[in-house]
Amino acid sequence: MSLRWDPLLARALAAELHERLAGARLRALRLDGGTRELVLLLRESTLVWPLHPTRGGPAFLPAAEPSPNDLPLASRIRRIRAPADERIMVFELLPVRGGPTHDLLVELLGNQWNAVVTEGPETRIRHVLVRRSGSRPLRVGEVYEPPPPSEREGTEVPIPLERWRALLESVASTQRRRALVERIAWTSPINAGALVDAVDGTHDGTHGNAHAAPAAALEAGYALWRDMAFGNRAPEPTVLTFRGDLQPYPWPLPGSGGEAAPSLMGAFRVQEERSGPAGKTRADAVLPPELVIGLERATDRATRKATRLEVEFAGLEDASTLRAYADLLLARFKDVPTGAPSVELEDFSGARITVALNPTLAVHENAAALYERAARVERARTRLPPLLAKARARADALEAMLARTHKGEASADELRAMLPGPREGSGATASDPTRILPYRRYRSSGGLEIRVGRGARRND
């Protein structure tokens, strides 16, 4: 599953979110670089937005309390908009108790999705999900530089039909999609096929149709483009089938299979449900991430401990056999050579058996060692079962809680009650036993900070 964005989808979702959230009270933001998630903790709900093409789309979850690591940003959402012909969404935020204004910018460019919080009219960056360098740095303290504005034709007003026809008739039918995306605003790989093959019954599903009447096809494509980009057509949210993936879109497109959805947010929900676990928005995103990380780590430790005890118990020797070997060594004292690593002896039933020895010990010392091993085995058989039962119960309880957490059924208080207290020397405090960053910090010889995720999930 790979989600794609284009200017029409960004504009339509911005309008839908504005209708729902304009005036809503924002309590805090969470920019989780480990999971690449943007979380808006609103008074009435929580908006979770995984900013990675394979992680699904935005979703509304129940309201949740901000965690100590979240960014307090008491404000109201004034407006949500998308600049013309851009894959960027802007949340304009007004402070509740005075202070500077902020903008939250969600960039959906290619596969380099990001979120940036700017402050004041100078748009200085205060927070960023993923820091970037190069020609367009995104670093705290720098002035935000938006991507270069679209220079495609027809951004603000539609181009004439004659210009549309002249552009597309000048290229081969197999190059028309590419020509559209490169030159005409509001087009994208998602809709270019429908714009080129817009005549009913001419869509072949893969390439520009060379068999359609060119004039009719071009005019139909132009009418569809103008209707979507500049018409007053109400959205008809749809889950398209695009290149083998499910793709939410504001309208159905000719030649693309799909199904209607009640809203664009509903279309994203359908996409996630049909894409399997890898594409689902985490239901536990409303919880403080340090609690979820702590639960995952505690579950892993408990499971490994229970497994270790099970392996230890299953590998215990037979105490009676060890004692029989010791008895045999003492009974056949004269038949055991000095310094031998093992000896073959006839046991009390007449069978021949091999007894392993410590060549550095005398015969009676080897027998004593076997008696001690037998005693340890008996003590272990008494000691391990209750430990194993306790460890397995703990692991099962944590695994059940983790499953409930991932389904969004567990509360933060339940997680705190389940998690262990601070370990001695861990540096955690009793009031915050699970304050764990999703990465480890290192320092290079040149003084640069290097962050390494705690496991594959946090390394995303």
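Just so we're aligned: 369 in our numbering is position 142 of the sequence shown, and the numbers increase by one with no gaps anywhere. Idealized CB from N, CA, C, for every residue including glycine.
Does the distance from the C-beta atom of residue i to that of residue j stay below 8 Å?
{"i": "residue 177", "j": "residue 604", "result": "The question about residue 177 has no answer, for the chain in this structure spans 228 to 687."}
{"i": "residue 347", "j": "residue 303", "result": "no"}
{"i": "residue 377", "j": "residue 312", "result": "yes"}
{"i": "residue 522", "j": "residue 629", "result": "yes"}
{"i": "residue 571", "j": "residue 559", "result": "no"}
{"i": "residue 478", "j": "residue 489", "result": "no"}
{"i": "residue 341", "j": "residue 367", "result": "no"}
{"i": "residue 262", "j": "residue 291", "result": "no"}
{"i": "residue 646", "j": "residue 525", "result": "yes"}
{"i": "residue 301", "j": "residue 385", "result": "no"}
{"i": "residue 464", "j": "residue 491", "result": "yes"}
{"i": "residue 252", "j": "residue 293", "result": "no"}
{"i": "residue 421", "j": "residue 482", "result": "yes"}
{"i": "residue 569", "j": "residue 587", "result": "no"}
{"i": "residue 540", "j": "residue 611", "result": "yes"}
{"i": "residue 767", "j": "residue 543", "result": "Outside the modelled stretch of the chain, which goes from 228 to 687, sits residue 767, for which no answer is possible."}
{"i": "residue 392", "j": "residue 445", "result": "yes"}
When you compare each of the options to residue i by their alpha carbons, which one comes out closest?
{"i": "residue 452", "options": "235, 601, 519", "result": "235"}
{"i": "residue 363", "options": "633, 415, 372, 355", "result": "372"}
{"i": "residue 689", "options": "443, 502, 541", "result": "This structure cannot settle anything about residue 689, because the visible part of the chain is limited to 228 through 687."}
{"i": "residue 244", "options": "299, 455, 630, 308", "result": "308"}
{"i": "residue 355", "options": "256, 547, 310", "result": "256"}
{"i": "residue 531", "options": "345, 615, 368", "result": "615"}
{"i": "residue 330", "options": "350, 385, 414, 274", "result": "350"}
{"i": "residue 529", "options": "259, 623, 230, 494", "result": "623"}
{"i": "residue 641", "options": "563, 609, 275, 519", "result": "519"}
{"i": "residue 459", "options": "232, 239, 643", "result": "239"}
{"i": "residue 401", "options": "386, 381, 423, 414", "result": "423"}
{"i": "residue 619", "options": "543, 563, 544, 527", "result": "527"}
{"i": "residue 306", "options": "466, 320, 295, 315", "result": "320"}
{"i": "residue 553", "options": "597, 545, 419", "result": "597"}
{"i": "residue 247", "options": "259, 260, 286", "result": "286"}
{"i": "residue 310", "options": "501, 295, 333", "result": "333"}
{"i": "residue 447", "options": "419, 469, 680", "result": "419"}
{"i": "residue 545", "options": "608, 576, 260, 496", "result": "608"}
{"i": "residue 231", "options": "258, 468, 486, 601", "result": "468"}
Going by DSSP, what residue range makes up the beta strand (DSSP E) through residue i?
{"i": "residue 396", "result": "Per DSSP, residue 396 belongs to no beta strand (DSSP E); it is in the alpha helix (DSSP H), 388-396."}
{"i": "residue 259", "result": "252-259"}
{"i": "residue 545", "result": "Residue 545 -> no beta strand (DSSP E), and no H or E assigned at all."}
{"i": "residue 351", "result": "351-355"}
{"i": "residue 365", "result": "Element bounds for residue 365: n/a, residue is neither H nor E."}
{"i": "residue 422", "result": "Looking at the DSSP string, residue 422 is not in any beta strand (DSSP E); the run it does join, the alpha helix (DSSP H), is 419-423."}
{"i": "residue 277", "result": "272-277"}
{"i": "residue 511", "result": "No beta strand (DSSP E) holds residue 511; DSSP gives it neither H nor E."}
{"i": "residue 266", "result": "264-269"}
{"i": "residue 289", "result": "286-289"}
Could you spell out the range, first to last residue, of the alpha helix (DSSP H) harbouring residue i?
{"i": "residue 341", "result": "Note, residue 341: premise wrong, no alpha helix (DSSP H); beta strand (DSSP E) at 341-346."}
{"i": "residue 642", "result": "639-645"}
{"i": "residue 244", "result": "234-248"}
{"i": "residue 498", "result": "491-501"}
{"i": "residue 408", "result": "403-410"}
Review point. Within the chosen definition, does the stretch 467-482 reach the stretch 396-410 through at least 3 CB pairs nearer than 8 Å?
Key: Taking 8 Å as the limit for Cβ pairs, the verdict is that the stretch 396-410 does not touch the stretch 467-482.
Check your understanding: Considering only residues of the stretch 296-337, which uninterrupted alpha helix (DSSP H) runs meet the minimum length of 4 residues and lie entirely inside it, listed in chain order?
Key -> Fully enclosed alpha helix (DSSP H) runs of 4 or longer: not present.
Point to revise | Inter-stretch contact (C-beta, 8 Å, three-pair minimum) for the stretch 277-289 and the stretch 316-330 | key: No: the two stretches stay apart, fewer than three of their Cβ pairs being nearer than 8 Å.
Check your understanding: Could you give the uninterrupted runs of the beta strand (DSSP E) lying entirely in the stretch 551-598, keeping only those of 3 residues or more?
Key -> Scanning the stretch 551-598 for uninterrupted beta strand (DSSP E) segments of 3 residues or longer gives 569-573, 579-583, listed from N- to C-terminal end.
Point to revise | Ranges of the alpha helix (DSSP H) found wholly within the stretch 431-487, counting only runs of at least 4 | key: Restricting attention to alpha helix (DSSP H) runs no shorter than 4 residues, the stretch 431-487 encloses them at 441-457, ordered along the chain.
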